[in-house]
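> Okay, here's the structure, questions in a sec.
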Amino acid sequence: MIFGNPDKFAIHCDIVKEWNDDYFWVNGIFNVYIQGKMIVPEVAVSELKFTLANIENNVLDALQTQISLDELNSELFLGLSSPEMEDKSIFIYYFFTLENDFIFIKNNQYENIFKYNKKYIHNILSDIVLWKKSILFFID
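Okay, so the sequence shown: first residue is 47 according to the working numbering, each after it adds one.
In structure tokens:
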């Protein structure tokens with residue numbers, strides 16, 4: 047399922063049943079789109095239970111740490127990368143200020159920051175958390 051608009055910002059997150067042989071690990075696809083481009087151009091197996099648990103915890107933390115842009119420091123960035131992205135030296139972070147939502151992306155070749163309307167990223171991440179809670183694979 048794709049959450050958001052790939053032409054602006056979206057997350058592709060899907061369980062691939064053929065990659066799962068039990069209910070302990072939940073393997074699937076996890077990728078990010080920014081301005082119409084896939085951040086990781088090839089399909090990779092992602093362990094979704096871990097990746098989505100981090101997103102769920104970070105969304106709650108981010109809501110409590112909204113600040114002004116002047117107060118921003120890198121310690122407030124929350125991770126959005128899967129372990130598979132990090133293995134490829136692709137790091138994606140998000141943070142919320144009082145005025146806007148931001149995505150920060152860094153890899154071996156460049157770093158860039160993308161600004162979005164307030165709650166745009168937050169709403170996408172919240173939709174993913176709701177989806178995760180509705181899927182049988184994630185119910186313990």
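All residues carry an ideal CB built from backbone N, CA and C; glycine is no exception.
1. A90: which of P129, L98 and K178 sits nearest, CA to CA?
2. CB-CB under 6 Å to N154, same chain, minus the five flanking residues each way: which ones, in chain order?
3. Thinking V86 and N73 are a contact (beta carbons under 8 Å), I'd like their distance in whole angstroms, please.
4. Could you give the distance in angstroms between the alpha-carbon of I149 and the alpha-carbon of F141?
5. Should M47 be labelled buried (16 or more other beta-carbon atoms within 10 Å of its own) or exposed?
6. Could you tell me the distance, in whole angstroms, from the CA atom of L124 to the CA atom of S180?
7. Since I174 contacts I101 with CB under 8 Å, what's their CB separation in whole angstroms?
8. Hey, how far is the Cα of M84 from the Cα of F55?
9. What are the partner residues of F96, as DSSP defines its beta bridges?
10. Give the single residue among W177, L144 and F137 whose Cα lies nearest to the Cα of K161.
Let's see:
1. P129
2. Only residues of its own chain outside the window of five on either side were considered, and among them S135 have a CB closer than 6 Å to the CB of N154, listed in chain order.
3. At roughly 15 Å, the Cβ-Cβ gap does not stay under 8 Å, so V86 and N73 are not in contact.
4. 7 Å
5. Counting other Cβ atoms within 10 Å of its Cβ, M47 stays below 16 and is therefore classed as exposed.
6. 24 Å
7. 6 Å
8. 10 Å
9. Answer by DSSP bridge pairing: none, since F96 is not bridged.
10. L144
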